[in-house]
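Residue numbers (the numbering used here): 1364 to 1438. Don't be surprised by glycine CBs; every beta carbon is placed ideally from N, CA and C. None of these values were measured; they are calculated from a predicted model.
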């Protein structure tokens, strides 16, 4: 799932070398923190948060298929 987030984010941004994802395991869920360059933040979030919400939806579906719960945070 981490690779999925990285792949999508790197395709969207101007500087793919600045993209990295941290995986934090909590008691009932896995939190993925996506870090991008400040100038690429708008590309990852999208108009009205549409791109970010689409990424969260894809992550949620992938997590459910594995029987887990996942959350995406973008910073």
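Test item: CB-CB of residue 1434 and residue 1394 under 8 Å: yes
The stretch 1364-1376 contacting the stretch 1384-1398, beta-carbon criterion three pairs below 8 Å: yes
Extent of the continuous beta strand (DSSP E) to which residue 1434 belongs: 1433-1437
Residue environment, residue 1374, which counts as buried when at least 16 other CB atoms sit within 10 Å: exposed
Simplified DSSP assignment, three categories, for residue 1382: coil
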